[in-house]
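Engineer: I am attaching a structure below and will ask some questions about it afterwards.
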Amino acid sequence: MGTTKLMIEDSDVRKMASKAETEGFGKSISIYADQKETGLRLQMQGKTAAWVVRFRDASVNIGYVYPENDRRLTALSKVRELARAVRSMLGDGKTVDQVKAFLAVYYGNSKGKGDVRKAAAELVEREETARKAAADEASRPTTWTLRECVEQTIHDKTKPECREKDRITANTVKDYRLTFNRPAYAHLMDKPAALVTRGDIEDVRDEILATVGKSPAGAMKAVTYFRAVMTWCGRNHYKNSGIAGDRWWDLINASYEINPRDRQPEIVAVVKTLLLAEEYLDKPLPGRAQVTPSVGYAALAGLWWIVLTCQRANAGLSLLAHDVVDDKEEGWKLAAWAKDVMKAGKSHALPIPSDAWAIVDRLRAKAKHAAAGHEWAFPSETKGGEVHVTASGVYRILYRLAGRDEPTPNKKHVPKVYAEGEKVRKKREEAPRPIRLRGERRNLLEEAGIPWWSLHDCRRALTSLLNEAGLPGGASVILAHEIDEKEALAVTATDKQRADFLKHRQAKVTAMAYGGAQHLGLKKEGMKLWCDTILNEYARQKGIEVKEAEAA
Numbered sequence: 063m064g065t066t067k068l069m070i071e072d073s074d075v076r077k078m079a080s081k082a083e084t085e086g087f088g089k090s091i092s093i094y095a096d097q098k099e100t101g102l103r104l105q106m107q108g109k110t111a112a113w114v115v116r117f118r119d120a121s122v123n124i125g126y127v128y129p130e131n132d133r134r135l136t137a138l139s140k141v142r143e144l145a146r147a148v149r150s151m152l153g154d155g156k157t158v159d160q161v162k163a164f165l166a167v168y169y170g171n172s173k174g175k176g177d178v179r180k181a182a183a184e185l186v187e188r189e190e191t192a193r194k195a196a197a198d199e200a201s202r203p204t205t206w207t208l209r210e211c212v213e214q215t216i217h218d219k220t221k222p223e224c225r226e227k228d229r230i231t232a233n234t235v236k237d238y239r240l241t242f243n244r245p246a247y248a249h250l251m252d253k254p255a256a257l258v259t260r261g262d263i264e265d266v267r268d269e270i271l272a273t274v275g276k277s278p279a280g281a282m283k284a285v286t287y288f289r290a291v292m293t294w295c296g297r298n299h300y301k302n303s304g305i306a307g308d309r310w311w312d313l314i315n316a317s318y319e320i321n322p323r324d325r326q327p328e329i330v331a332v333v334k335t336l337l338l339a340e341e342y343l344d345k346p347l348p349g350r351a352q353v354t355p356s357v358g359y360a361a362l363a364g365l366w367w368i369v370l371t372c373q374r375a376n377a378g379l380s381l382l383a384h385d386v387v388d389d390k391e392e393g394w395k396l397a398a399w400a401k402d403v404m405k406a407g408k409s410h411a412l413p414i415p416s417d418a419w420a421i422v423d424r425l426r427a428k429a430k431h432a433a434a435g436h437e438w439a440f441p442s443e444t445k446g447g448e449v450h451v452t453a454s455g456v457y458r459i460l461y462r463l464a465g466r467d468e469p470t471p472n473k474k475h476v477p478k479v480y481a482e483g484e485k486v487r488k489k490r491e492e493a494p495r496p497i498r499l500r501g502e503r504r505n506l507l508e509e510a511g512i513p514w515w516s517l518h519d520c521r522r523a524l525t526s527l528l529n530e531a532g533l534p535g536g537a538s539v540i541l542a543h544e545i546d547e548k549e550a551l552a553v554t555a556t557d558k559q560r561a562d563f564l565k566h567r568q569a570k571v572t573a574m575a576y577g578g579a580q581h582l583g584l585k586k587e588g589m590k591l592w593c594d595t596i597l598n599e600y601a602r603q604k605g606i607e608v609k610e611a612e613a614a
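Listed below in structure tokens is the structure:
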């Protein structure tokens, strides 16, 4: 290996570049040691001429004269400036890898490209950022976030093997998700649960109280469900959740009271609403841009069902088709709900008068997916009937009649642009249907003299009617307030595969219904009185309408 000491000139650089490109330097290494910049060398071998800086035992390639790659450096002033910077870094104790990182910045596409000072500053900035990121990562807890704790709690409390006193129903699961999905909780959900503070939850409580509804129920649930999650994970998943120490979450208070409602709709008003809804089974409500009917048969069947049975909307509409069976004695129907859908957590059976079921079934039969054999007694007209009619879907009838629903925006027609050679299909792209302009929305309930009422109000109306009729216990058993029935109604896949499933199911529902704890006789007396009152008023108003129409 030959080393020549000289003050490298521009002519030497051009000469070595030309030789490397044309004939090369062979296998042996030739070195020009620059006498102007200590440690700087131009090292030649094969078809390469490279700038190398030496410092003690370290040797770093800082650029090339040839080949013409992204690290080519031929201006001697730049070469010597870079060499000084590299030797200074090595002299300050920087490693070769750190020098290489500096060179990556110097030759990169960042603000430090080709500038020693800027590259050095940028490297320092990057190193500091990396150091902070590493420190943050090292200090970050590896325990579950609040979101993970919520999901684990739901998972544990819905497992079949969970103790009955700890188990939660499907409706409670919905409530959990609604509560923890509120915007007030958003900034806490991905925070380690062990780092959530009492002040954090008080802020959540106060924000929900100020922004969600007129009732403090949302704020109360925000505290109650948080306590439940922290207690469950602290007791059962300490290692993963990191929740330990004083149970400070029990000290968070939601000292509010929900004032009981006393609104009781008159039977006349309820029936008038049902008749009003019927009018829009085949036409849109006034002021609507859409030309489709504003009320669906499935939703109206659900509304009738809740009015006649006075069950809580979510549970009442979660009825399975195979849990409506013939009553063995009265010629009525028996409807049964498994305990996991009932708020009280107990199985519930309800006798349904035949004429009451007939009016509901007439509407069900006209619904979109009535004949599709779905598992739900009230399959929705959306999603192929795979889900049941929801409480919100039924409530939407009342909101629409009152003109309270939010208007949906008109969809603007955008003509399709066909690609060259694509077959043109004669659809609305060529002749768009004109957009129907909205008119003024009207509160049809108010116009008909019907005060606003909710589905839950029917429960109070039922209680009042039965109390006045001298049947005070009837409301409690119909509304599933005082039931203690352990009979399970859950259905397994094996059950459904049995050829005689429906036969056995009817026997099971009937046996449970006629058990002493279900108070079937009292329920029948109360249901007959309530349903007769509703249906007689329906017939009366229908008759009035017919006579008025004939007179006109």
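Sequence positions in the sequence shown follow my numbering and run 63 to 614.
Quick reminder that beta carbons are idealized off the backbone N, C-alpha and C, glycines included.
Nothing here was measured: the structure is a model prediction, and the numbers come from that model.
With a threshold of 8 Å on Cβ separation, who are the neighbours of Leu289 within its own chain once the five nearest residues in sequence on each side are excluded?
Structural biologist: For the purposes of this step, residue 289 is taken as the residue at position 227 of the sequence shown. A small fix is needed here, since residue 289 is Arg in this sequence, not Leu. Result list for Arg289: Trp311, Asp312, Ile314, in chain order.
Engineer: Could you tell me whether the Cβ of Val161 comes closer than 9 Å to any Cβ of chain C?
Structural biologist: In summary, chain C is missing from the structure at hand, where a single protein chain is found.
Engineer: Taking DSSP as the reference, what is the three-state secondary structure of Pro245?
Structural biologist: Counted from its first residue, the sequence shown places residue 245 at position 183. Of the three classes helix, strand and coil, the one that applies to Pro245 here is helix, per DSSP.
Engineer: What residue range is occupied by the uninterrupted beta strand (DSSP E) comprising Pro413?
Structural biologist: Here residue 413 corresponds to residue number 351 of the sequence shown, with the count starting at 1. Taken as a continuous stretch (DSSP letters only), the beta strand (DSSP E) holding Pro413 covers 410-414.
Engineer: With distances taken between CB atoms, is the gap from Thr65 to Ile93 smaller than 9 Å?
Structural biologist: If you number the sequence shown from 1, residue 65 lands on position 3. If you number the sequence shown from 1, residue 93 lands on position 31. It is a contact, given that the beta carbons lie within the stated cut-off.
Engineer: Kindly list the residues whose CB is nearer than 8 Å to the CB of Glu502, restricted to its own chain and excluding five residues on each side of it in sequence; keep chain order.
Structural biologist: To locate residue 502, count along the sequence shown from 1; it is residue 440. The answer, listed in chain order, is Pro348, Gly349.
Engineer: By how many angstroms is the C-alpha of Leu541 removed from the C-alpha of Thr335?
Structural biologist: One-based indexing of the sequence shown puts residue 335 at position 273. One-based indexing of the sequence shown puts residue 541 at position 479. For Thr335 and Leu541, the distance between alpha carbons rounds to 22 Å.
Engineer: Ile93 bridges to which residues according to DSSP?
Structural biologist: As a first step, residue 93 is located in the sequence shown; it is residue number 31 there, counting from the start. For Ile93, which the question treats as bridged, DSSP gives the partners Thr65, Gln105.
Engineer: Go through its chain and collect everything with a Cβ distance to Asn376's Cβ below 6 Å, but skip five positions before and after it.
Structural biologist: On the sequence shown, residue 376 is found 314 positions in, with the first residue counted as 1. Asn233, Ala453, listed in sequence order.
Engineer: Check the DSSP bridge columns for His450 and list the partner residues they point to.
Structural biologist: On the sequence shown, residue 450 is found 388 positions in, with the first residue counted as 1. His450 pairs with Pro441.
Engineer: Can you find the residues in the same chain that come closer than 6 Å, C-beta to C-beta, to Lys89, ignoring five residues on each side of it along the sequence?
Structural biologist: Here residue 89 refers to the residue found at position 27 of the sequence shown. Answer for Lys89: no residue qualifies.
Engineer: By how many angstroms is the C-alpha of Asp177 removed from the C-alpha of Met106?
Structural biologist: Counting from 1 along the sequence shown, the entry for residue 106 is found at position 44. Counting from 1 along the sequence shown, the entry for residue 177 is found at position 115. Computed Cα separation, rounded: 26 Å.
Engineer: Where Ala615 and Thr259 are concerned, what is the direct C-alpha to C-alpha distance, given to the nearest angstrom?
Structural biologist: Summary: the structure shown does not reach residue 615, with the chain confined to residues 63 through 614, and so no result is reported for it.
Engineer: Taking C-beta to C-beta, are Val291 and Ala255 nearer than 9 Å?
Structural biologist: Within the sequence shown, numbered from 1, the residue matching residue 291 stands at position 229. Within the sequence shown, numbered from 1, the residue matching residue 255 stands at position 193. Yes; because the gap between Cβ atoms is below 9 Å, this pair is in contact.
Engineer: Count the C-beta pairs between the segment 76-86 and the segment 125-134 that are closer than 8 Å, then say yes if the count reaches three, no if not.
Structural biologist: Yes, the segment 76-86 touches the segment 125-134.
Engineer: Give me the DSSP bridge partner(s) of Arg116.
Structural biologist: The residue you call residue 116 lines up with position 54 of the sequence shown. For Arg116, which the question treats as bridged, DSSP gives the partners Ser121.
Engineer: Since Gly101 contacts Arg134 with CB under 8 Å, what's their CB separation in whole angstroms?
Structural biologist: If you number the sequence shown from 1, residue 101 lands on position 39. If you number the sequence shown from 1, residue 134 lands on position 72. Gly101 to Arg134, Cβ: 21 Å. No contact.
Engineer: DSSP state of Leu382, grouped into three classes?
Structural biologist: For the purposes of this step, residue 382 is identified with residue 320 of the sequence shown, where counting begins at 1. The answer is strand: DSSP assigns Leu382 an E or B state.
Engineer: Helix, strand or coil, according to DSSP, for Val332 in the structure here?
Structural biologist: On the sequence shown, residue 332 is found 270 positions in, with the first residue counted as 1. Residue state, collapsed to three classes: helix.
Engineer: Could you tell me which residues DSSP puts in a beta bridge with Asp312?
Structural biologist: The residue given as residue 312 occupies position 250 in the sequence shown. None; Asp312 has no bridge partner.
Engineer: Taking C-beta to C-beta, are Thr241 and Ile230 nearer than 9 Å?
Structural biologist: What you label residue 241 is simply residue 179 of the sequence shown in a count that begins at 1. What you label residue 230 is simply residue 168 of the sequence shown in a count that begins at 1. No, the pair does not count as a contact, with Cβ atoms beyond the cut-off.
Engineer: By alpha-carbon positions, which one of Cys372, Glu437, Arg504, Lys236 ends up nearest to Arg522?
Structural biologist: Along the sequence shown, one-based indexing puts residue 522 at 460. When only C-alpha atoms are compared, the closest one is Cys372.
Engineer: In this structure, what does DSSP give as the bridge partners for Ala398?
Structural biologist: Position 336 of the sequence shown, counted from the start, is the residue given in the question as residue 398. In the DSSP output, where bridge partners are listed per residue, Ala398 has Ala411.
Engineer: Going by DSSP, what residue range makes up the alpha helix (DSSP H) through Asp519?
Structural biologist: Along the sequence shown, read from residue 1 onward, the residue named residue 519 stands at position 457. 519-530 is the span of the alpha helix (DSSP H), which, as asked, contains Asp519.
Engineer: Under three-state DSSP, which class holds Pro534?
Structural biologist: Position 472 of the sequence shown holds residue 534. DSSP places Pro534 in helix when its eight states are reduced to three.
Engineer: Give me the Cα-Cα distance between Tyr238 and Arg267, rounded to the nearest whole angstrom.
Structural biologist: The sequence position of residue 238 within the sequence shown is 176, counting from 1. The sequence position of residue 267 within the sequence shown is 205, counting from 1. Cα to Cα, the separation comes out at about 15 Å.
Engineer: What does DSSP give as the partner residue(s) for Thr110 in the beta ladder?
Structural biologist: Numbered from 1 along the sequence shown, position 48 holds the residue referred to as residue 110. Its beta-bridge partners are Gln107.
Engineer: From this set, Trp206, Gly261, Ile414, Lys140, which residue's C-alpha is nearest Met251's C-alpha?
Structural biologist: Sequence index remark: in the sequence shown, residue 251 carries index 189 (1-based). The shortest Cα separation from Met251 among Trp206, Gly261, Ile414, Lys140 belongs to Trp206.
Engineer: What does DSSP give as the partner residues of Asp388 in its beta bridges?
Structural biologist: Sequence index remark: in the sequence shown, residue 388 carries index 326 (1-based). Note: Asp388 sits in a beta bridge opposite Lys395.
Engineer: So the alpha helix (DSSP H) Met151 belongs to, where does it begin and stop?
Structural biologist: Along the sequence shown, one-based indexing puts residue 151 at 89. Element bounds for Met151: 138-153.
Engineer: Could you work out which residue in Val167, Trp438, Asp96, Ile414 is closest to Arg142 when comparing CA atoms only?
Structural biologist: Residue numbering aside, residue 142 sits at position 80 when the sequence shown is read from its first letter. It is Asp96 whose Cα lies nearest to the Cα of Arg142.
Engineer: Any idea if His450 is buried or exposed, counting beta-carbon neighbours within 10 angstroms, 16 or more meaning buried?
Structural biologist: Mapped onto the sequence shown, residue 450 falls at position 388. Buried, since its Cβ has 16 or more Cβ neighbours within 10 Å.
Engineer: Report the option in Thr525, Lys227, Thr110 whose CA atom is closest to the CA atom of Glu83.
Structural biologist: Here the question's residue 83 lines up with position 21 in the sequence shown. For the residues Thr525, Lys227, Thr110, the minimum Cα distance to Glu83 belongs to Thr110.
Engineer: Are the beta-carbon atoms belonging to Leu208 and Lys253 less than 9 Å from one another?
Structural biologist: Within the sequence shown, the letter at position 146 stands for residue 208. Within the sequence shown, the letter at position 191 stands for residue 253. Yes, the pair counts as a contact, with Cβ atoms nearer than the cut-off.
Engineer: For Cys593 versus Ala418, is the C-beta spacing smaller than 9 Å?
Structural biologist: Walking along the sequence shown from the start, residue 593 turns up at place 531. Walking along the sequence shown from the start, residue 418 turns up at place 356. Cβ atoms of Cys593 and Ala418: closer than 9 Å.
Engineer: Between the Cα of Lys180 and those of Ile305, Ala531, Val167, spot the shortest distance and give me the residue it belongs to.
Structural biologist: The residue given as residue 180 occupies position 118 in the sequence shown. Measuring from the Cα of Lys180, the nearest candidate turns out to be Val167.
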